[in-house]
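Presented below is the structure to which this report refers.
2 protein chains.
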Amino acid sequence: MRQNARRTTLADIARAAGVSVATVSKVVNGRSDVAPHTRTRVQELLRQHHYLAPVLRHTGAVRTPTIEVQFKGGLTSYVAETLEGIIDSAAELGASVVISKASHAPHWARDLVSAGRRAVIAITSVYTTAHLNELARSGLPLVVLDPLHLPDSRVNSVGATNFAGGLAATRHLLSLGHRRIAYLGGPAMAVCNQARRHGYRAAMEAEGARVPDAYVLPGEFTYETGLLGATALLGLREPPTAVFAGNDEIAVGVIEAARTRGLRVPEDLSVVGFDDTNLAQMAAPPLTTVRQPLQEMGGAALRIALRLADAEKVESHHIELATELVVRVSTAPPCEETREASVRG
Amino acid sequence: MRQNARRTTLADIARAAGVSVATVSKVVNGRSDVAPHTRTRVQELLRQHHYLAPVLRHTGAVRTPTIEVQFKGGLTSYVAETLEGIIDSAAELGASVVISKASHAPHWARDLVSAGRRAVIAITSVYTTAHLNELARSGLPLVVLDPLHLPDSRVNSVGATNFAGGLAATRHLLSLGHRRIAYLGGPAMAVCNQARRHGYRAAMEAEGARVPDAYVLPGEFTYETGLLGATALLGLREPPTAVFAGNDEIAVGVIEAARTRGLRVPEDLSVVGFDDTNLAQMAAPPLTTVRQPLQEMGGAALRIALRLADAEKVESHHIELATELVVRVSTAPPCEETREASVRG
DNA sequence: TTTCCATTTCGAAAAATTTTCGACCCCCGC
DNA sequence: GCGGGGGTCGAAAATTTTTCGAAATGGAAA
């Protein structure tokens, strides 16, 4: 029959979706005056019927889904490595990646929809309830990487086993003979940081090691925090023999602070980082650190984002990938005198 | 009059060209059944009247042009900082940035065009004549950041004053009293590397300092090159007292190689890097380096790309931003005995 | 030279798509 | 309850694309 042979038109989609042709046209063109629910249903049907906009028909181009990746602050090694994972997976799965700094101007989510974005991946971004509402109104799915907040069932997130990582790092230091171990971490509010700190505490308590209040310092995930925090720690009457840093940048700052004080790493001070960014490999000395599979996490986030963009179900709104301790040369047994002092203390 | 106020339609063009609306539509859509002569005339009128295809009207291919940024290899600090400059300028100028690894599949340029990209910015990418031809065929403008090849009038490029940077770095070391200075650089073919090396040579010759062949080593812009190259240099019968590295990663590798041999930086070996990425600030000790204004270079590349996308003229097909020596703590006068040895040698 | 056929070019009409604009509804504040 | 504002949606108008056939063109054969 000729009716079946002819290519699908907006009218076909409109009939199937039970809406007007005008509405379908608006979905195709990313107009804003379409309810999220309607938009999703129509997009679904458009995909099923392999609809191609007229301009794309003769070029034969199929529109690849576009994912917006937003980050906050600087493009650090951490962000860069995660981003690389996202880019690689996107290339593999035929998606495009738009990168931008998070800006929450009014209607930002809706603007993203009308610019053709199918989902948002947020790295190191803070999302308030207002942002989530805006996102929900626009119908744009969100995947948060390494969420700063507690997993909320309304947002999908990808993280790493931070507690286990904190545990492993601290146990490693304990097994080397350290007892005076400090934790120099990131923002007190960030759950990833909390989990690492609790892993540290759990390991310390299991070993019966004392954790003076002065040994647990909050800060930012920056080099400066490492510099300042280490200066504070090393100025204590009973300075730690090892520092577990909340991330690699902090750890590098700690190493630098130790160096300027004439302390050798690892002989006089052991340092453990977190993340295993390229910084860790290039630190002097190369840093013992807890590896987060950043590239894999980025890839996982992208896959989830694409599933959500296709309105498919995902198994769980939060997944965690395994961390792993990578031992390099920034950790060693404490030297005799400090160990003795530690035992006395 | 209302006729003048409303946007131009195909009908307007058709009237002006003396053809039917259908014919104009065919020209717009690149159909084949239009005589070359007719097509040219219609295209001319379309340009004059600033005609926009309906899909492009609101999707903002114009309001928010999309620029594709391609890089090759890993997303290093160098790439990340440049990218950040691009992103910031794009946000300011209302453009979107798609990031991907360079993949030169058949018709890649045409695919980019049909995906709506308005220009390409290449970081650390290699472009052959074939690529340039493909690009020219597709009509997609290209801006190369820190080009590996000699400026070709067919490609637009943004670089830095590499020669001046190499000169400044080497003079700095000479003024500290060093005479045995080695250059450990990147790929021999890369013009940015060549310029740095020639700057080094120029400074050395001006001072009458000897440059043994073994003192100039090529390599990659990587940490491993620094490690291996420094090991080779320090194993010489007359090892250098200072190393000028082709970039920061190499420099950090050099520092690590020195450290593992028990040499102190800067007391026993001075090291100068190039780029001033975040690595330089976080190196132990913080690295004296030649700053390339990476963010500004990214911003400049984006602005040029946007001008080209609008088919506007640019002043020059190659611009260079100034480099600047940043003195930190990885450089110091050579210690007495080595200096004496140097004078004797 | 004429005829015939294939091909190219173009436009009128039909089909498809986009845009405008008003109706409707819901929620919120007064 | 009573506007008012914003969000949704569709009918109709405007615009664009596609189809299809007519006209022009250009040989090749009669």
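In order, the protein sequences belong to chains A and B.
Note that the first sequence covers residues 2 to 346 in our numbering.
Note that the second sequence covers residues 2 to 346 in our numbering.
Backbone N, C-alpha and C define an ideal beta-carbon position, used for all residues, glycine too.
Everything numeric in this text was worked out from a predicted model, so none of it was measured.
Can you name the start and end residues of the alpha helix (DSSP H) that B/N194 belongs to?
Taking the second sequence and counting its residues from 1, one reaches residue 194 of chain B at position 193. Element bounds for B/N194: V192 to E208.
Say whether the stretch 164–179 of chain B touches the stretch 110–125 of chain B, bearing in mind that this needs 3 or more beta-carbon pairs closer than 8 Å, one atom from each stretch.
no
Step through the CB atoms of chain B and report whether any lies within less than 8 Å of the CB of A/V327.
Here residue 327 of chain A is taken as the residue at index 326 of the first sequence, counted from 1. Judged by the 8 Å Cβ criterion, A/V327 is not in contact with chain B.
For B/N163, does the three-state DSSP call read helix, strand or coil?
Here residue 163 of chain B corresponds to residue number 162 of the second sequence, with the count starting at 1. DSSP places B/N163 in helix when its eight states are reduced to three.
Coil, strand or helix - B/A285 by DSSP
Here the question's residue 285 of chain B lines up with position 284 in the second sequence. If DSSP states are grouped into helix, strand and coil, B/A285 belongs with coil.
Can you say whether A/E250 is buried or exposed, counting buried as having 16 or more other CB atoms within 10 angstroms of its CB?
The sequence position of residue 250 of chain A within the first sequence is 249, counting from 1. Per the 10 Å Cβ criterion, buried.
Status (buried if at least 16 other CB within 10 Å, exposed otherwise) for A/P148
Looking up residue 148 of chain A in the first sequence gives position 147. Buried, by the Cβ-count rule.
Cβ of A/S104 less than 8 Å from any chain B Cβ?
The residue you call residue 104 of chain A lines up with position 103 of the first sequence. So yes, A/S104 belongs to the interface.
Around the C-beta of B/M349, are 16 or more other C-beta atoms found within 10 angstroms, so that it is buried, or is it exposed?
Residue 349 of chain B is absent from the model: chain B starts at 2 and stops at 346.
Using a threshold of 8 Å, state whether the C-beta atoms of B/T290 and B/A258 are closer than that.
The residue given as residue 290 of chain B occupies position 289 in the second sequence. The residue given as residue 258 of chain B occupies position 257 in the second sequence. Their beta carbons are not under 8 Å apart, which means B/T290 does not touch B/A258 by this criterion.
A/V266 (DSSP reduced to helix, strand or coil)
Along the first sequence, read from residue 1 onward, the residue named residue 266 of chain A stands at position 265. In the structure shown, A/V266 sits in coil (DSSP, three-state: anything other than H, G, I, E or B).
If the cut-off is 8 Å on Cβ atoms, which residues from the stretch 82–107 of chain A count as contacting chain B, listed in chain order?
E82, L84, E85, I88, D89, A91, A92, S97, V98, V99, I100, S101, K102 and S104
Give me the Cβ distance between B/I87 and B/A302, rounded to the nearest whole Å; I'm assuming they're in contact under 8 Å.
Counting from one through the second sequence, the residue named residue 87 of chain B turns up at place 86. Counting from one through the second sequence, the residue named residue 302 of chain B turns up at place 301. Yes, they are in contact, since the Cβ atoms of B/I87 and B/A302 sit about 7 Å apart, within 8 Å.
Within a Cβ cutoff of 6 Å, which residues of the same chain sit near B/E325, ignoring the five residues on either side of it in sequence?
Along the second sequence, one-based indexing puts residue 325 of chain B at 324. Excluding residues within five positions, the ones whose Cβ falls inside 6 Å are R292.
If you measure between the beta carbons of A/H179 and A/P335, is that distance less than 8 Å?
Mapped onto the first sequence, residue 179 of chain A falls at position 178. Mapped onto the first sequence, residue 335 of chain A falls at position 334. The answer is yes: Cβ separation under 8 Å.
With a threshold of 8 Å between beta-carbons, can B/I256 be considered close to chain A, or not?
Counting from 1 along the second sequence, the entry for residue 256 of chain B is found at position 255. Closer than 8 Å: yes.
Quick one: what does DSSP say A/V212 is sitting in, helix, strand or coil?
Within the first sequence, the letter at position 211 stands for residue 212 of chain A. In the structure shown, A/V212 sits in coil (DSSP, three-state: anything other than H, G, I, E or B).
Closer than 9 Å, Cβ to any Cβ of chain B: which residues of the stretch 28–56 of chain A, in chain order?
V29, N30, G31, R32, A54, P55 and V56
Near A/V56, what residues of its chain come up, given a Cβ to Cβ distance below 8 Å and the 5 sequence neighbours on each side ignored?
Start at 1 with the first residue of the first sequence, and residue 56 of chain A comes out as number 55. Cβ neighbours of A/V56 beyond the five flanking positions: none.
Under 8 Å between beta-carbons, which chain B residues line up against A/R260? List them in chain order, please.
On the first sequence, residue 260 of chain A is found 259 positions in, with the first residue counted as 1. Those within 8 Å of A/R260 in chain B are A285 and P286.
Based on Cα-Cα distance, which residue from A/V145, A/N194, A/T24 and A/V25 lies nearest to A/L309?
In the first sequence, residue 309 of chain A corresponds to position 308, counting from 1. Here the closest residue by C-alpha is A/V145.
Hey, does B/L76 have any beta-carbon neighbour from chain A nearer than 8 Å?
Here residue 76 of chain B is taken as the residue at index 75 of the second sequence, counted from 1. With 8 Å as the cut-off, B/L76 counts as an interface residue toward chain A.
Pair every Cβ in the stretch 95–107 of chain B with every Cβ in the stretch 88–98 of chain A, then say whether three or more of these pairs are closer than 8 Å.
yes
Indicate the three-state DSSP secondary structure (helix, strand or coil) for A/R118 in the structure shown.
Here residue 118 of chain A refers to the residue found at position 117 of the first sequence. Note: A/R118 maps to strand in three-state DSSP.
Beta-carbon proximity check, A/R172 vs A/G247, cutoff 8 Å
Taking the first sequence and counting its residues from 1, one reaches residue 172 of chain A at position 171. Taking the first sequence and counting its residues from 1, one reaches residue 247 of chain A at position 246. Against a cut-off of 8 Å, the Cβ pair of A/G247 and A/R172 comes out as no contact.
Determine which residues of the stretch 262–280 of chain B have a Cβ less than 8 Å from any Cβ of chain A, and write them out in chain order.
N279 and L280
So what's A/H394 in DSSP terms, helix, strand or just coil?
No statement about residue 394 of chain A is possible, as the shown extent of chain A runs from 2 to 346 and does not include it.
Output needed for A/V330: all residues of its chain with C-beta closer than 6 Å, excluding positions within five of it in sequence on either side, in chain order.
Here residue 330 of chain A refers to the residue found at position 329 when the first sequence is read from its first residue. P286 and P287, listed in sequence order.
A/L133 in three-state terms, based on DSSP:
Position 132 of the first sequence, counted from the first residue, corresponds to residue 133 of chain A. A/L133: helix per DSSP, three-state reduction.
Would you list, in sequence order, the uninterrupted beta strand (DSSP E) runs of no fewer than 3 residues that lie entirely inside the stretch 22–108 of chain A?
67–72 and 97–102
Locate the beta strand (DSSP E) running through B/Y224, then write down its first and last residues.
Stepping through the second sequence from its first residue, residue 224 of chain B is reached at position 223. First-last for B/Y224: Y224 to L235, but that is the alpha helix (DSSP H), not the beta strand (DSSP E).
Delimiting residues of the beta strand (DSSP E) encompassing A/L326:
If you number the first sequence from 1, residue 326 of chain A lands on position 325. Residues E325 to V327.
May I ask you to list the residues that DSSP assigns as paired with B/S158?
For the purposes of this step, residue 158 of chain B is identified with residue 157 of the second sequence, where counting begins at 1. Looking at the DSSP assignment, B/S158 forms a beta bridge with B/V145 and B/H319.
Step through the CB atoms of chain A and report whether any lies within less than 8 Å of the CB of B/Y79.
Residue 79 of chain B sits at position 78 when you count from the first residue of the second sequence. No, no contact with chain A.
Tell me, please, which residues DSSP counts as bridged to A/G274.
As a working note, residue 274 of chain A is residue 273 in the first sequence. For A/G274, which the question treats as bridged, DSSP gives the partners A/T290.
In the stretch 108–120 of chain A, which residues sit with their C-beta less than 8 Å from some C-beta in chain B, listed in chain order?
S115, A116 and G117
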